[in-house]
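>
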Amino acid sequence: MKIKLTTYHLSLLFLLVISFLVFLGTIYFISTQKHKVQIVNQMTIVKKSDMFYDYEIKKYPSMVEIINLKEGDKKNIVGISTDTDVINFGILPVGNNSVQKTIGFNKTRKEKTEILLKSFGNISEMVSFSKNNFYLTGNETVSVFLNASDYTKVGNYTGEIDIIVKITKMG
């Protein structure tokens with residue numbers, strides 16, 4: 765049996781192939797785009813919900829000032845901040861230096877609760893966490909580290925550290 769393709773059939777097939785390629789290109793383009801995050805300038809709480817989870821996101825502005833100490837400087841300058849509404853790592857000299865902040869978590873819900881931590885902005889490549897993406901089982905602490913290497917440039921670095929509390933709605 766021989767199938768005869770008319771110009772109409774070939775045109776329809778061509779349009780289907782082109783449409784499919786445009787669809788794939790759109791999916792690829794959307795998935796490779798970086799979503800620009802609006803950095804907060806004060807502690808902000810955002811509540812969201814979907815079918816399976818409730819989310820409480822605490823967005824903390826974060827900052828550090830990296831300074832250059834000249835050889836022979838007699839003073840050791842390290843600025844420490846005890847603010848609770850921002851994560852301010854203070855003033856840190858260039859070099860292999862780090863600062864640690866501690867965040868405490870208390871389990872107050874019977875529902876399964878997951879903690880996720882994220883950092884944004886030009887400070888984010890210096891920020892790390894002692895643990896991340898974990899289920900809260902009781903009272904726990906997480907250390908947030910800021911590591912300034914010998915290659916870190918002098919300047920002010922800012923961004924945001926988000927604490928995402930993900931609460932399971934069902935069992």
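Residue numbering for the sequence shown follows the numbering used here, starting at 765 and increasing by one per position. Built from N, CA and C at the ideal position, the CB exists for glycine as well. None of the values given here were measured: they were computed from a predicted structure.
1) Please go through the same chain and pick out, in chain order, the residues whose beta-carbon is closer than 6 Å to the beta-carbon of Tyr921, but skip the five residues on each side of it.
2) Rounded to the nearest angstrom, how far is the Cβ of Ile851 from that of Ser892, given a contact under 8 Å?
3) Decide if Ser883 is buried, meaning its Cβ has at least 16 other Cβ atoms within 10 Å, or exposed.
4) Measuring CB to CB, does Val906 end up less than 7 Å from Lys895?
5) Quick check on the burial criterion: 16 or more other C-beta atoms within 10 angstroms. Buried or exposed for Thr866?
6) Have a look at Ile821 and Met807 and give me their C-alpha separation to the nearest angstrom.
7) Val906 bridges to which residues according to DSSP?
8) Going by the beta-carbon positions, is the gap between Ile830 and Leu856 smaller than 7 Å?
9) Have a look at Phe816 and Ile767 and give me their C-alpha separation to the nearest angstrom.
10) What span of residues does the beta strand (DSSP E) with Ser813 cover, start to end?
11) Please classify Ile879: is it buried, with 16 or more other beta-carbons within 10 angstroms of its beta-carbon, or exposed?
12) Quick test of your reading: Thr872 and Ile931, contact by CB under 8 Å. State the CB separation rounded to the nearest angstrom.
13) Select from Glu875, Val863, Asn897, Leu900 the residue whose C-alpha is nearest the C-alpha of Asp818.
14) Span of the beta strand (DSSP E) holding Thr877?
15) Figure out for me which residue from Met890, Lys812, Val863 has the closest Cα to the Cα of Thr846.
16) Would you report the Cα separation of His773 and Leu900, rounded to the nearest angstrom?
The relevant details are as follows:
1) As a working note, residue 921 is residue 157 in the sequence shown. If we look at Tyr921 and ignore the five residues flanking it on each side, its Cβ neighbours are Val828, Asn886, Ile887.
2) Within the sequence shown, numbered from 1, the residue matching residue 851 stands at position 87. Within the sequence shown, numbered from 1, the residue matching residue 892 stands at position 128. Not quite, the Cβ-Cβ distance comes to about 13 Å (not below 8 Å), so this is no contact.
3) Here the question's residue 883 lines up with position 119 in the sequence shown. Buried: at least 16 other Cβ atoms inside 10 Å.
4) Along the sequence shown, one-based indexing puts residue 906 at 142. Along the sequence shown, one-based indexing puts residue 895 at 131. In contact: Val906 and Lys895 (Cβ atoms closer than 7 Å).
5) Your numbering for residue 866 matches position 102 in the sequence shown. By the 10 Å Cβ count, Thr866 comes out exposed.
6) As a position in the sequence shown, residue 821 is number 57, starting the count at 1. As a position in the sequence shown, residue 807 is number 43, starting the count at 1. Ile821 and Met807: Cα-Cα distance of roughly 10 Å.
7) Within the sequence shown, the letter at position 142 stands for residue 906. DSSP, once it has assigned bridges, lists Ile867 as partnering Val906.
8) Residue numbering aside, residue 830 sits at position 66 when the sequence shown is read from its first letter. Residue numbering aside, residue 856 sits at position 92 when the sequence shown is read from its first letter. Yes, the Cβ-Cβ distance between Ile830 and Leu856 is below 7 Å.
9) For the purposes of this step, residue 816 is taken as residue 52 along the sequence shown, with counting starting at 1. For the purposes of this step, residue 767 is taken as residue 3 along the sequence shown, with counting starting at 1. Their backbone Cα atoms lie some 51 Å apart in a straight line.
10) Looking up residue 813 in the sequence shown gives position 49. It spans 808 to 813 - the beta strand (DSSP E) in which Ser813 sits, taken as one unbroken run.
11) Start at 1 with the first residue of the sequence shown, and residue 879 comes out as number 115. Looking at its Cβ environment, which holds 16 or more other Cβ atoms inside 10 Å, Ile879 is buried.
12) Sequence index remark: in the sequence shown, residue 872 carries index 108 (1-based). Sequence index remark: in the sequence shown, residue 931 carries index 167 (1-based). With a Cβ gap of about 11 Å, Thr872 and Ile931 do not count as contacting.
13) Position 54 of the sequence shown holds residue 818. Of the listed residues, the one whose Cα sits closest to Asp818 is Glu875.
14) In the sequence shown, the residue the question calls residue 877 occupies position 113. Its beta strand (DSSP E) spans residues 877 to 885.
15) Here residue 846 refers to the residue found at position 82 of the sequence shown. Residue Val863 is the option with its Cα nearest to Thr846.
16) In the sequence shown, residue 773 corresponds to position 9, counting from 1. In the sequence shown, residue 900 corresponds to position 136, counting from 1. Rounded to whole angstroms, His773 to Leu900 spans 60 Å at the Cα level.
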